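In what follows, a structure is listed as structure tokens, so that the remarks can point back to it.
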Amino acid sequence: SGKKYTRHAGFNRTSWDLAEDGPTRWTGTFLQNRGPEEGAEALPGTYTVRLIADGKHYEQSLTVKPDPRDPSTADDLAKRHAFLARLNGELGIVDTMLNALDAKMRHAPAARVAALTALKHRLTLDQQNVEDLQTPARIRERILDLLGRVGSTSFQAPTAAQEAEGAALHTEVQSLASAYAAVK
11 SGKKYTRHAG FNRTSWDLAE DGPTRWTGTF LQNRGPEEGA EALPGTYTVR
61 LIADGKHYEQ SLTVKPDPRD PSTADDLAKR HAFLARLNGE LGIVDTMLNA
111 LDAKMRHAPA ARVAALTALK HRLTLDQQNV EDLQTPARIR ERILDLLGRV
161 GSTSFQAPTA AQEAEGAALH TEVQSLASAY AAVK
């Protein structure tokens, strides 16, 4: 993941939770609403672990094996992974736009702030706390909801309905990205 860790004298440890790096997080909201820190879980297979310490490079293979208790096929796991990776990518696009909009709004004249705010409200309901649900969910909240439903409730491949919602979200993100390009 490219993360940096301490190298104090003694024993230094790190671990990998078998998840990919998460999407870009929205920094202009409260901590619990910033989005996932982790992406889709790694598929079974062979990976290379790299360690760089004091200018020296070390590499070692690591094999992730499928859970023998899980009845999912390799195809199911691949479908689930692709779906979650795509959703995380869509969330990253939305959060990148939100971060940029927040930065632009801090220095924009009032007339421009209104246009930027209108686009921001198409991307997110911009809740102020975890209980603030005064408006319908926007694209960001819908992506987070689908990520939660597929990513944390089971280890099954997405259903046909979830795939359809994912496709609709993709189309909407592309439309919003075009709208963002027009106002930036």
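Numbering (our numbering), first residue to last: 11 to 194. Here a beta-carbon is modelled for each residue, glycine too, at the ideal position from N, C-alpha and C. In this text, all values refer to a predicted model and were calculated from it rather than measured experimentally.
Residue i, DSSP secondary structure in three states
| i | result |
| --- | --- |
| Ser71 | strand |
| Arg44 | coil |
| Tyr57 | strand |
| Glu31 | Note on residue identity: the sequence assigns Asp, not Glu, to residue 31. Three-state result, Asp31: strand. |
| Ala167 | coil |
| Lys14 | coil |
| Ala50 | strand |
| Ala63 | strand |
Element boundaries [alpha helix (DSSP H), containing residue i]
| i | result |
| --- | --- |
| Gly99 | 84-117 |
| Ala124 | 120-133 |
| Ala174 | 170-193 |
| Gly158 | 149-161 |
Distance between beta carbons of residue j and residue i, contact taken as under 8 Å
| i | j | result |
| --- | --- | --- |
| Asp27 | Glu48 | 7 Å |
| Leu135 | Ala147 | 6 Å |
| Lys130 | Leu108 | 7 Å |
| Leu156 | Gln137 | The pair is not a contact, with the Cβ atoms about 18 Å apart (cut-off 8 Å). |
| Gly176 | Arg96 | 7 Å |
| Trp36 | Asp105 | 4 Å |
Cβ shell of residue i (< 6 Å), same chain only, five flanking positions each side left out
| i | result |
| --- | --- |
| Gly32 | Pro46, Glu47, Glu48, Gly49 |
| Glu30 | Gly49, Ala50 |
| Glu182 | Ile149 |
| Asn98 | Pro33, Gly49 |
| Leu154 | none |
Residue burial classification, residue i (beta-carbon count within 10 angstroms, cutoff 16)
| i | result |
| --- | --- |
| Phe93 | buried |
| Ala167 | buried |
| Asn202 | Nothing can be reported for residue 202, as the shown portion of the chain is limited to 11 through 194. |
| Asp77 | exposed |
| Ile62 | exposed |
Same chain, Cβ closer than 8 Å to residue i, five either side skipped, listed in chain order
| i | result |
| --- | --- |
| Thr58 | Glu69, Gln70, Ser71, Leu72 |
| Leu126 | Leu111, Lys114, Met115, Ala118, Val193 |
| Arg23 | none |
| Arg132 | Arg148, Ile149, Leu186, Ala189 |
Close Cβ partners of residue i (< 7 Å) along its chain, the five nearest in sequence each way excluded
| i | result |
| --- | --- |
| Arg9 | With the chain represented from 11 up to 194, any question about residue 9 goes unanswered, as that position is not in the structure. |
| Tyr15 | Asn22, Thr24 |
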